[in-house]
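The opening residue of the sequence shown carries number 34 in my numbering; numbering runs sequentially from there.
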Amino acid sequence: MTTEDVVRTFVEYFEERGHRRITGSTLLPPPGDPVLFTTSGMHPLIPYLQGRPHPLGRRLVNVQRCLRTTDLEEVGDPTHLTVFEMLGTWSLGDYEGPQSLDWGYDLLTEGFGIDPRLLHATVFGGDDQVGPDTASLESWQERGVPVELTVEDNWWPNGTTGPCGPDSEIFLWTGDTPPKSTPTGDDRWVEVWNHVMMRHRRLDDGSLVPLTQRNVDTGLGLERLASLLQGQTSVYGGDLFDPWRRHLPGLWQLDEPTLRLVCDQLRSAMVVIGDGVRPSNTGRGYVLRRLVRRVLTVLWRDDPSRQLVDLPDELVRHTVDHFRQAVDPHEVRGVLLDEERRFRGLIERGRQVLARPRFRGPIGEEDFHYLHDTHGLPRDLVVALRQG
Ligand code: SER
């Protein structure tokens, strides 16, 4: 199954069950939203989860383009991407959790052909504010799917204010041996689908109040599921990364974690640019700048002559096409090359300034301010240059 097949199968399955497809085709949240980028499928739906009637009704399905900056520090692992797509479904005060879990199980086993013996569920076991999610527990028991009860891991979202609730996560076994242990006990259980029974709202003081309607919010990482269905344990082994794996190893010799990091950050930067963001020192533009500069820092660590101009056009075109972005791939490429030029200039200047006698010893706060304000050298670059 290609990634496109996974999307089509998912969307059609839920459309046949009365869901209407909504658009999720930009990383930029709706105007007035304080968050820089959309981080999950439910993000644009927060007003509707809190009771505002949605123009398309109570059952929704979508494919949401997401960016998670919280994962920026851990990029390059086999299952997380900075920019990814989330398949999602919603019941806005319509059907309840057990129905959602039933459909989830059927789609995974019948629609995607996953062996039911490779599934494991987790369910909220209750805490001092909310009791255990017995409805989900019974649903899984009726199906014969093993269940693990947890507390923090099965509450979404953790520790913030706003809509939240107990969740039930579905895991797929990725080991070579028959399944063993439980999702919290063995990381060969990989989470594929999260069903959140979103019926509470957390207030500033940490207390919970019921939402006016009982919702279900589900999210499934597209790249992760597609690569697992393709027999790959790493998202980078899936079909979406075929052109990257074809071109990059011949261009730059990188070890596997570095190759993954470069693929993830470059591809994410392309998508962000395609959604209209340009590098800058604040907000979204700064996130983009960090993505590009991180790639360059890693590439130049071993060989400063490496340059983005060598990137095959196909990689930009493939990314822009997959995300159905209206932007000209040459423009995306131009933004990357401009940022590379600017960063190279900055590094040159940094080296010259830091060679001055004043900076031979330890660098204090005042020096950092001076280097930033007078020479435009950010603190992390100064630190990196002095280490290099
Ligand atoms: N909100 C949940 C998540 O992001 C399910 O959509 O995982």
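From the three backbone atoms N, C-alpha and C, an ideal C-beta is built for every residue, glycine too. Here the structure is a predicted model, which is why all the values come from computation and not from measurement.
- With fewer than 16 other CB atoms across the displayed protein chains lying within 10 angstroms of its CB, Val-416 is exposed.
- Boundaries of the alpha helix (DSSP H) around Val-368: 362-387.
- Set against 7 Å, the gap from the CB of Trp-136 to the closest heavy atom of the ligand SER is not smaller.
- Of the heavy atoms belonging to the ligand SER, none sits nearer than 7 Å to the Cβ of Met-303.
- By the Cβ-count criterion, Val-304 is buried, with 16 or more other Cβ atoms from all chains shown falling within 10 Å of its own Cβ.
- DSSP places Met-231 in the strand class (E or B) of the three-state scheme.
- Under the DSSP assignment, Glu-181 falls in the beta strand (DSSP E) whose first and last residues are 180-183.
- A check of alpha carbon separations from Trp-222 across Thr-407, Val-342, Asp-400 and Thr-112 identifies Thr-112 as the nearest.
- The beta carbon of Gly-74 lies closer than 7 Å to those of Gly-57, Asn-95, Gln-97, Met-119, Gly-121 and Gly-252 in the same chain, with the five residues before and after it left out.
- Going down the chain, each residue whose beta-carbon is closer than 6 Å to a heavy atom of the ligand SER shows up: Ser-73, Gly-74, Met-75, Gly-121, Trp-189, Asn-227, Val-229, Asp-250, Thr-251 and Gly-252.
- Under the DSSP assignment, Leu-93 falls in the beta strand (DSSP E) whose first and last residues are 92-100.
- For the options Leu-134, Gly-195, Gln-174 and Leu-205, the alpha carbon positioned closest to that of Gln-265 is the one of Leu-205.
- Only residues of its own chain outside the window of five on either side were considered, and among them Gly-198, Pro-243, Leu-244, Arg-247 and Asn-248 have a CB closer than 7 Å to the CB of Arg-232, listed in chain order.
- In the three-state DSSP reduction, Phe-117 falls in the strand class (E or B).
- Taking 8 Å as the cut-off, the beta carbon of Leu-125 is found closer than this to the beta carbon of His-87.
- Contact check between the region 173-189 and the region 143-162: three or more CB pairs, one atom from each, fall below 8 Å, which counts as touching.
- Leaving aside the five residues that flank Phe-356 on each side, the residues in its chain whose CB is nearer than 7 Å to its CB run, in chain order, Arg-98, Val-304 and Gly-307.
- Here His-153 carries a strand assignment [DSSP, helix/strand/coil].
- Here Val-320 is actually not in contact with Thr-72; their C-beta atoms are around 12 Å apart, not less than 8 Å.
- In this chain, the beta strand (DSSP E) harbouring Glu-202 covers 195-206.
- Assignment of Gly-409 by DSSP, reduced to helix, strand and coil, places it in the coil class.
- Around the C-beta of Glu-373, 16 or more other C-beta atoms lie within 10 Å, and the residue is accordingly described as buried.
- Ile-79 carries a helical assignment under DSSP once its states are collapsed to helix, strand and coil.
- Proximity to Val-310 across Arg-334, Leu-369, Asp-272 and Val-331 peaks at Leu-369, based on C-alpha coordinates.
- Taking C-beta atoms as the reference points, His-228 and Ser-301 fail to come closer than 8 Å.
- The C-alpha of Val-386 lies about 19 Å from the C-alpha of Pro-337.
- For Arg-247, the enclosing beta strand (DSSP E) covers residues 241-254.
- Note on Ser-172: 16 or more other CB atoms within 10 angstroms of its CB, so buried under the neighbour-count rule.
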